[in-house]
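Numbered by our numbering, the letters in the sequence shown go through residues 4 to 205 in order. For glycine and all other residues, C-beta sits at the position ideal for the given N, C-alpha and C. Here is the structure we will look at.
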Amino acid sequence: MVRPISKGARTALRIMDAAEMLFARQGYQGTSLRDIAAEAGLREPGLYNHFPNKEALYAAVLERSLRPMEDRIARLLEGGAPTAADVLRLPVEMLHLNAEHPHMAALFYQAIQALHEGSPAGSAAQWIQRLFLMGRDVNRQVMPGDDETVILQGVAMFNLCCGYFLAGPLLGELAGIDTQSPAALEKQQRLIERVMRTFLIG
Numbered sequence: 004m005v006r007p008i009s010k011g012a013r014t015a016l017r018i019m020d021a022a023e024m025l026f027a028r029q030g031y032q033g034t035s036l037r038d039i040a041a042e043a044g045l046r047e048p049g050l051y052n053h054f055p056n057k058e059a060l061y062a063a064v065l066e067r068s069l070r071p072m073e074d075r076i077a078r079l080l081e082g083g084a085p086t087a088a089d090v091l092r093l094p095v096e097m098l099h100l101n102a103e104h105p106h107m108a109a110l111f112y113q114a115i116q117a118l119h120e121g122s123p124a125g126s127a128a129q130w131i132q133r134l135f136l137m138g139r140d141v142n143r144q145v146m147p148g149d150d151e152t153v154i155l156q157g158v159a160m161f162n163l164c165c166g167y168f169l170a171g172p173l174l175g176e177l178a179g180i181d182t183q184s185p186a187a188l189e190k191q192q193r194l195i196e197r198v199m200r201t202f203l204i205g
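Listed below in structure tokens is the structure:
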């Protein structure tokens, strides 16, 4: 039986949805808690009932999206030697996890640009870097090539899984593609699978 979500939990989710969108559009520094509260339909003091400050809210937004990804890769690493089928399936799962929070793609790229900054975005970049290294450890077990090649392939898959959502407005203008539609996601999934098969062949 699925328990109903409390009113407080629903409000927290609404705040995170608003924050995710605004952080993606305006960056961490360019987004205020007042902006987020207004987008979520709250007065700013009401936001503090759920998050003590902007940094905590940013961390919660990242956690909501990145933790499932980390957990999925960790299960592969802990479950014995991954197979080619496991490696083929992983980026497809990442695509669909990104589809649940499509604004996160912009946050990921912002964070990577802030890798060595002492900022919340810089901390996020360290987390993303850890995910890349975990993915490398999975892929190197079945993919041919040295570590550098496997990392480059991982970055290519990251771009296919995240850049797809980042390019959503352009895809809409060029071809009327709604990146969230099941049909478009299926086409992107097939593209990812074709590229991954190429990587696995070497």
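Residue i classed as buried or exposed, judged by whether at least 16 other C-beta atoms fall within 10 angstroms
i	result
H119	exposed
T201	exposed
G171	buried
H53	buried
V5	With a pLDDT of 47 at V5, under the threshold of 50, the predicted position of this residue should be treated as unreliable, and no value is reported.
A43	buried
Nearest-angstrom Cβ-Cβ length linking residue i and residue j, presumed shorter than 8 Å
i	j	result
A109	L169	6 Å
A124	Y31	5 Å
Specify whether the stretch 165-184 and the stretch 137-156 touch according to this definition: at least 3 beta carbon pairs, one from each stretch, less than 8 Å apart.
no
Are the stretch 69-86 and the stretch 34-41 touching, with three or more C-beta to C-beta distances below 8 Å?
-> no
Taking contact to mean 3 or more Cβ pairs, one atom from each stretch, closer than 8 Å, check whether the stretch 22-31 and the stretch 96-110 are in contact. yes
Give, in chain order, every unbroken run of the beta strand (DSSP E) that is at least 3 residues long and sits entirely within the stretch 21-83. none
Within the chosen definition, does the stretch 128-144 reach the stretch 89-97 through at least 3 CB pairs nearer than 8 Å? yes
Inter-stretch contact (C-beta, 8 Å, three-pair minimum) for the stretch 15-24 and the stretch 37-56: yes
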